[in-house]
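In my numbering, the protein residues as written are 1001 to 1274. From the three backbone atoms N, C-alpha and C, an ideal C-beta is built for every residue, glycine too. All of these numbers come straight from a predicted model, not from anything done at the bench.
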């Protein structure tokens, strides 16, 4: 399976033939155990124009997806994001507040509220949200951004919001599977709500036949992507994947040195660009 728009067309066609497509916030209204659905979930970390391309493709199939957008992208991309929302998609917040504030909950909460208010001032109501993962981040006192909504005070104050990663296992009345393109691989993430350290047990999806099989075998599916990694041509997609693997391999090698790893941690946000 390729990271191309042609591949996305195939995925969309297969999905709508087998399941009902819903946005993440529809879980708040429809949580019946026997209901089959798929959520197309997208983590928008850079290049909003590519997210819009995916949104237009999905709309061709009647799919209404959920786009989780990093706060720093909001101001300069309002028109693009409104175009996505006007296609029927949910546009909401992809938060990065604990890592951005070195585990300081007071500062993280202030940043969180500021961004939620900013999203809603532009008409994007934050009903569901998603934490960002930072593989290069060195942490002392917190495990990941997921800890923000694991905090009982935070969870209580913002109980009207659903963290689709942290809260979904508790919210749903039945099991679901989480399919992701993280690491430039299509795979079923075995423990997305608790995999702060590693992803042991993930199952790779190697073909459309595998993908169609999991759609048929599982009632509820979340299909999560990073739109900036998807390309028009196979060659461009392949080159992008090679670049990612080279950068990741180099980062892993140099980060064996504690001093270098600490230095790289200061620039963790650059990983959003690849």
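Relative to the C-alpha of residue i, which residue among the options is closest?
i: residue 1019; options: 1237, 1066, 1171 and 1217; result: 1217
i: residue 1015; options: 1060, 1052, 1053 and 1049; result: 1060
i: residue 1222; options: 1192, 1246 and 1249; result: 1192
i: residue 1143; options: 1103, 1171 and 1224; result: 1103
i: residue 1048; options: 1116, 1078 and 1213; result: 1078
i: residue 1140; options: 1099, 1167 and 1111; result: 1099
i: residue 1186; options: 1168, 1230, 1161 and 1137; result: 1230
i: residue 1176; options: 1164, 1092 and 1105; result: 1164
i: residue 980; options: 1026, 1162 and 1136; result: Outside the shown range of the chain, which is 1001 to 1274, sits residue 980, and nothing can be said about it.
i: residue 1091; options: 1174, 1024, 1228 and 1101; result: 1024
i: residue 1147; options: 1157, 1166 and 1161; result: 1166
i: residue 951; options: 1240, 1160 and 1123; result: Absent from the structure is residue 951, since the part of the chain shown begins at 1001 and ends at 1274.
i: residue 1122; options: 1075, 1145, 1094 and 1157; result: 1075
i: residue 1115; options: 1088, 1134 and 1068; result: 1068
i: residue 1017; options: 1172, 1201 and 1213; result: 1213
i: residue 1013; options: 1119, 1215 and 1246; result: 1215
i: residue 1149; options: 1094, 1245, 1239 and 1073; result: 1094
i: residue 1178; options: 1201, 1110, 1157 and 1158; result: 1201
i: residue 1157; options: 1174, 1134, 1113 and 1180; result: 1113
From the DSSP output, read off the bridge partner residues of residue i.
i: residue 1130; result: 1094
i: residue 1225; result: 1042
i: residue 1212; result: Beta-bridge pairing links residue 1212 to no other residue.
i: residue 1187; result: 1180 and 1204
i: residue 953; result: Only positions 1001 to 1274 of the chain appear in this structure, which leaves residue 953 out of reach.
i: residue 986; result: In the structure as shown, the chain begins at 1001 and stops at 1274. Residue 986 is therefore absent and cannot be evaluated.
i: residue 1220; result: 1037
i: residue 1004; result: 1231
i: residue 1048; result: DSSP, once it has assigned bridges, lists no residue as partnering residue 1048.
i: residue 1067; result: 1042 and 1091
Assuming residue i and residue j make a contact with CB atoms under 8 Å, what is their CB distance in whole Å?
i: residue 1219; j: residue 1036; result: 5 Å
i: residue 1045; j: residue 1070; result: 5 Å
i: residue 1001; j: residue 1205; result: 7 Å
i: residue 1211; j: residue 1011; result: 7 Å
i: residue 1234; j: residue 1004; result: 6 Å
i: residue 1184; j: residue 1232; result: Actually they do not touch by this definition, with Cβ atoms about 17 Å apart.
i: residue 1227; j: residue 1051; result: 4 Å
i: residue 1162; j: residue 1027; result: 7 Å
i: residue 1009; j: residue 1057; result: 6 Å
i: residue 1105; j: residue 1134; result: Contact flag wrong, Cβ pair sits at about 17 Å.
(message) Whether or not the stretch 1073–1088 and the stretch 1128–1147 are in contact is what I'm after, with contact meaning three or more pairs of Cβ atoms, one per stretch, closer than 8 Å; do they touch?
(response) no
(request) Mind the definition here: the stretch 1223–1231 touches the stretch 1038–1058 only if three or more C-beta pairs lie below 8 Å; say whether that holds. (result) yes
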